[in-house]
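*Asks:* Going by our numbering, 236 is the number at position 235 of the sequence shown; the sequence numbering is gapless. Note that the Cβ used here is the ideal one computed from N, Cα and C, for glycine as well. Please read these numbers as outputs of a predicted model, since none were measured by experiment.
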Amino acid sequence: MPRRADDRSATRAPARLSRETIVAAAIDLADRDGLAGLSMRRLAQHLGVDAMSIYYHLRDKDTLLAAMVDAVAAEIETEAGVEAAIMGGGTAAGVEAAGNGPWTDQLRALITRARRTMLRHPWAARVLEARDTPTPAVLRHIERVLAVMRGGGCSVSLSHHALHLLGSRILGFSQDLFDDSPNTAPTGEAAAAQAAAWAETMPHIAELAAAVAHSGALGGCDDEDEFAFALDLLIEGLDRRRLAERG
Numbered sequence: 002m003p004r005r006a007d008d009r010s011a012t013r014a015p016a017r018l019s020r021e022t023i024v025a026a027a028i029d030l031a032d033r034d035g036l037a038g039l040s041m042r043r044l045a046q047h048l049g050v051d052a053m054s055i056y057y058h059l060r061d062k063d064t065l066l067a068a069m070v071d072a073v074a075a076e077i078e079t080e081a082g083v084e085a086a087i088m089g090g091g092t093a094a095g096v097e098a099a100g101n102g103p104w105t106d107q108l109r110a111l112i113t114r115a116r117r118t119m120l121r122h123p124w125a126a127r128v129l130e131a132r133d134t135p136t137p138a139v140l141r142h143i144e145r146v147l148a149v150m151r152g153g154g155c156s157v158s159l160s161h162h163a164l165h166l167l168g169s170r171i172l173g174f175s176q177d178l179f180d181d182s183p184n185t186a187p188t189g190e191a192a193a194a195q196a197a198a199w200a201e202t203m204p205h206i207a208e209l210a211a212a213v214a215h216s217g218a219l220g221g222c223d224d225e226d227e228f229a230f231a232l233d234l235l236i237e238g239l240d241r242r243r244l245a246e247r248g
């Protein structure tokens with residue numbers, strides 16, 4: 002009995018499968034459904050292949066997630082290259098290291114590109130937070146950050162301090178101490194009761210909770226204004242310290 006056309010397509014699919022196509026499909030799924038909607042089984046269904054075909058290229062889900070965030074981090078460099086072409090040529094690395102404008106502006110632009118990338122893939126911030134080691138693309142991004150600072154006259158020591166100070170912000174998101182996103186906050190009567198209890202014993206926390214919003218795109222308080230405020234404050238402080246070091 003002859004196979005149907007879709008049967009033949011499913012049979013041929015594994016031959017076309019590659020690590021890159023799997024990772025790209027996984028990113029599409031995560032962008033659409035979040036990490037909760039990503040599983041090896043759903044990914045296989047999305048690709049029209051058997052799940053074992055995926056394990057041939059990526060041994061487990063942790064390996065898949067690492068490959069996904071590496072691909073996302075690589076987009077930061079790609080975006081820089083696109084901007085370089087728009088501005089009239091040059092390499093992606095050259096945009097940050099060639100001295101176009103003050104180093105503070107170059108660093109702010111590089112981190113802003115990283116944030117735009119993270120906003121396209123909001124799930125990636127949580128995966129990066131959970132990792133103990135950087136991926137190759139993340140290391141390349143850190144190299145570009147260091148190139149900007151060293152090219153702007155920051156010492157090795159100040160550049161080192163800056164990496165710790167900026168933390169996850171060099172990748173475009175703020176890593177908060179607590180998860181204060183809207184889905185974790187109490188509502189209705191529970192929220193009113195909590196506010197009343199805080200008002201009696203912790204009035205400043207109660208005041209803050211009532212005054213600020215917790216609706217950031219990449220975390221509870223990680224909205225555009227909060228991110229820009231923190232970034233400006235940190236970069237301005239680093240530049241003052243750089244000037245102080247030079248006497």
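Does the beta-carbon distance from L30 to L39 come in below 7 angstroms?
*Replies:* Yes.
*Asks:* At what residue ranges does the stretch 13-62 contain a whole run of the alpha helix (DSSP H), taking only runs of 4 or more?
*Replies:* Counting only runs of 4 or more, we get 20-34, 41-48, 52-58.
*Asks:* Using a Cβ distance threshold of 8 angstroms, determine whether the stretch 222-241 contacts the stretch 161-169, with at least three qualifying pairs required.
*Replies:* Taking 8 angstroms as the limit for Cβ pairs, the verdict is that the stretch 161-169 does touch the stretch 222-241.
*Asks:* Below 8 angstroms on the Cβ atoms is my guess for T136 versus A67; work out the distance and round it to an integer in Å.
*Replies:* With 8 angstroms as the limit, T136 and A67 qualify as a contact, their Cβ atoms being about 6 angstroms apart.
*Asks:* What span of residues does the alpha helix (DSSP H) with D233 cover, start to end?
*Replies:* 225-246 is the span of the alpha helix (DSSP H), which, as asked, contains D233.
*Asks:* Output the distance between the C-alpha atoms of A25 and R241, rounded to the nearest integer angstrom.
*Replies:* So the two alpha carbons sit approximately 42 angstroms from each other.
*Asks:* Counting C-beta neighbours from all protein chains within 10 Å, is the total for A37 16 or more, i.e. buried, or is it exposed?
*Replies:* Classification for A37: exposed.
*Asks:* If you compare alpha carbons, which of S160, I171, H58, V73 is closest to R109?
*Replies:* Looking at the Cα atoms, I171 is the closest of the given residues.
*Asks:* Look at H142 and A72 and say whether their C-beta atoms are less than 7 angstroms apart.
*Replies:* Result no, Cβ atoms of H142 and A72 do not sit closer than 7 angstroms.
*Asks:* For the alpha helix (DSSP H) holding M119, just list the boundary residues, first then last.
*Replies:* Counting along the chain, the alpha helix (DSSP H) containing M119 begins and ends at 104-121.
*Asks:* Give the secondary structure of R127 by DSSP, where H, G and I count as helix, E and B as strand, and everything else as coil.
*Replies:* Three-state result, R127: helix.
*Asks:* For A86, I'd like the list of residues in its chain whose CB is within less than 8 angstroms of its CB, leaving aside the five on either flank, ordered along the chain.
*Replies:* With a pLDDT of 44 at A86, under the threshold of 50, the modelled position of that residue is not reliable, and the figure given next carries that caveat. Cβ neighbours of A86 beyond the five flanking positions: none.
*Asks:* DSSP on P135, reduced to helix/strand/coil?
*Replies:* In this structure, P135 counts as coil in the three-state DSSP scheme.
*Asks:* From which residue to which residue does the alpha helix (DSSP H) around L172 run?
*Replies:* Taken as a continuous stretch (DSSP letters only), L172 belongs to no alpha helix (DSSP H), as it is neither H nor E.
*Asks:* Within 7 angstroms of any Cβ in chain B, is that where the Cβ of L166 sits?
*Replies:* The structure shown contains no chain B; it holds only a single protein chain.
*Asks:* Inspect the beta-carbon positions of L48 and A27 and report whether they are closer than 7 angstroms.
*Replies:* Not a contact, by the Cβ cut-off of 7 angstroms.
*Asks:* Here's a check: name, in chain order, each residue in its chain whose Cβ is nearer than 6 angstroms to the Cβ of A126, leaving out the five neighbours to either side.
*Replies:* Within the same chain, A126 has close Cβ partners M119, F174, L219.
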